[in-house]
Each structure stands twice: as C-alpha cells, then as structure tokens.
Amino acid sequence: MMHNARFATWVVSGYLVVYCILLGLGSGFWRAVAVGMFFCSPILVIWMAYCIIRYGGRDVPELEEGAEFGYGDRCLQ
C-alpha cells in the first residue's frame with residue numbers, strides 16, 4: 007500500500023487539509039502543531055513524488071512502424 011501512487015496522493019492531500027485547518031484555529035498549541043507539520047511536509051511531498059514517478063505510470067501502447075508521434079491517452083478510452 008505504501009507503494010501506491012493514489013494512496014500517497016490521498017495521504018499528502020489529507021495532511022495538507024489538516025495543516026490548513028490547524029493554521030485557521032488560531033494561536034497556541036495548534037499553531038505549534040501546524041509549525042511541526044510544516045517542517046515534516048517536505049518528507050511527505052518527496053515520498054509522494056517518488057511514488058508517483060516510480061509506480062504511477064500507465065501502460066501505453068507502442069507507436070506503430072513509421073509513426074512520428076502518438077497520443078497514448080486517447081487510445082485508452
């Protein structure tokens with residue numbers, strides 16, 4: 007599950023939503039938690055980018071003989 011690009015995207019997006027909510031709660035303890043989350047966020051973003059690059063690819067058919075370019079996403083409708 008940790009090597010799933012969709013899972014990584016959902017986790018980091020949820021982390022961002024929680025971070026924004028904590029920032030909106032005001033000062034005090036929750037602001038300190040948000041600052042701690044801010045400093046941990048680059049690790050999560052790097053993990054998400056790695057998962058997307060490594061495991062998020064789609065299987066696209068190869069180009070035919072003599073084709074200059076192709077639109078693989080249109081072939082998978």
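Residue numbers 7 to 83, in the numbering used here, belong to the letters of the sequence shown in order. Note that the Cβ used here is the ideal one computed from N, Cα and C, for glycine as well.
Residue i to residue j span [Cα, whole Å]
{"i": "Ala11", "j": "Leu31", "result": "31 Å"}
{"i": "Phe44", "j": "Tyr25", "result": "8 Å"}
{"i": "Arg37", "j": "Leu28", "result": "6 Å"}
{"i": "Pro48", "j": "Gly34", "result": "23 Å"}
{"i": "Ile52", "j": "His9", "result": "13 Å"}
{"i": "Asp79", "j": "Gly42", "result": "Note that Asp79 scores 47 on pLDDT, short of 50, meaning its location in the model is unreliable; the coordinates nonetheless yield the value given after this. The alpha-carbon atoms of Asp79 and Gly42 are separated by roughly 40 Å."}
{"i": "Glu68", "j": "Ile59", "result": "20 Å"}
{"i": "Ala55", "j": "Trp16", "result": "12 Å"}
{"i": "Gly63", "j": "Glu71", "result": "23 Å"}
For residue j and residue i, believed in contact at Cβ under 8 Å, the rounded distance
{"i": "Ala14", "j": "Cys57", "result": "4 Å"}
{"i": "Leu50", "j": "Val18", "result": "5 Å"}
Nearest neighbour of residue i, chosen from the options [CA to CA]
{"i": "Ala40", "options": "Tyr21, Met54 and Ala55", "result": "Tyr21"}
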